[in-house]
Amino acid sequence: MSLKDSYESYRKNGIFFVITGPSGVGKTTIMDHTLESDERLAYSISHTTRDRRPEEVDGEDYYFVDREEFEGFRKEDRFLEWAEIYGDYYGTSREEIDRIKREGRDPFLDIDVQGAAQLRADPSVNPVFVFLAPPSLEELERRIDNRGAESPEVKEKRMGVAREELSRIPEFDYLIVNEKLKRAVEELEAVIKAERLKV
Ligand code: 5GP
Numbered sequence: 000m001s002l003k004d005s006y007e008s009y010r011k012n013g014i015f016f017v018i019t020g021p022s023g024v025g026k027t028t029i030m031d032h033t034l035e036s037d038e039r040l041a042y043s044i045s046h047t048t049r050d051r052r053p054e055e056v057d058g059e060d061y062y063f064v065d066r067e068e069f070e071g072f073r074k075e076d077r078f079l080e081w082a083e084i085y086g087d088y089y090g091t092s093r094e095e096i097d098r099i100k101r102e103g104r105d106p107f108l109d110i111d112v113q114g115a116a117q118l119r120a121d122p123s124v125n126p127v128f129v130f131l132a133p134p135s136l137e138e139l140e141r142r143i144d145n146r147g148a149e150s151p152e153v154k155e156k157r158m159g160v161a162r163e164e165l166s167r168i169p170e171f172d173y174l175i176v177n178e179k180l181k182r183a184v185e186e187l188e189a190v191i192k193a194e195r196l197k198v
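Going by numbering that gives the first Met the number 0, 160 is the number at position 161 of the sequence shown; the sequence numbering is gapless.
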């Protein structure tokens, strides 16, 4: 084995990066920027029972399925983790992660705190957990308002869930505050770089 190959053998491959944070914090934007500049990362496409938004593509943003199909998957233990969020189901399928690993890439997951807790308890995976936080609750509320289309009840519910999620930051490995997009992207890239250099 060449020295270079032996160095590679010291490093982990197929590192799981789990990104969690309250809805409205800018997770999708930050993750999209990071994915653009990093070919080794592969976005893990979740299954969901929620309705597709107009700009979303089935099989790219999510695999959109009905409740029956989702429950079938659950019964067959085909999800690595899953959660019910605002009345809809979301889950990461084992097949999706296997696909990414077969490509020799690092799974990049956008999941909620409940899903993150399931992965933490699963000895078969050893992810890097990153929490993306808003600079303040007021700023989070402003961002949710800017997205529009939320009724006051839904908004209040999202803010309540956000407060609960923020209280779970100590369970994570890294905390990135999204005050400025460019800085948050750089910090996430720094985390990824450092984790890949670990022996
Ligand atoms: P949205 O409906 O806005 O796309 O996502 C709502 C929430 O579901 C976000 O917090 C997102 O991180 C979470 N989510 C998306 N996919 C999954 C998944 O596969 N598992 C879990 N546990 N949460 C997910």
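Ideal Cβ positions, reconstructed from N, Cα and C, are used throughout, including at glycine.
Of 166, 160, 35, the smallest CA-CA separation from residue 140 is found for 160. In the assembly as shown, residue 41 is a buried residue. Its beta-carbon has 16 or more other beta-carbons within 10 Å. Assignment of residue 132 by DSSP, reduced to helix, strand and coil, places it in the strand class. The beta carbon of residue 107 lies closer than 8 Å to those of 16, 18, 30, 33, 34, 40, 41, 42, 43 in the same chain, with the five residues before and after it left out.
No Cβ-Cβ contact shorter than 9 Å links residue 79 with residue 71.
Classified as buried, residue 115 has 16 or more neighbouring CB atoms from the shown chains inside 10 Å of its CB. With a minimum length of 3 residues, the unbroken runs of beta strand (DSSP E) contained wholly in the stretch 102 to 185 fall at 105 to 109, 127 to 132, 173 to 176. By the C-beta criterion, the stretch 114 to 129 is judged to be in contact with the stretch 166 to 179, since at least 3 inter-stretch pairs fall below 8 Å.
Taken from the Cβ of residue 114, at least one heavy atom of ligand 1 lies inside 8 Å. Looking at the backbone, the Cα of residue 134 and that of residue 7 are separated by about 38 Å. Residue 47: member of the beta strand (DSSP E) spanning 45 to 47, first to last residue. Annotation: residue 5 is outside any beta strand (DSSP E); the continuous alpha helix (DSSP H) that includes it extends over 2 to 9.
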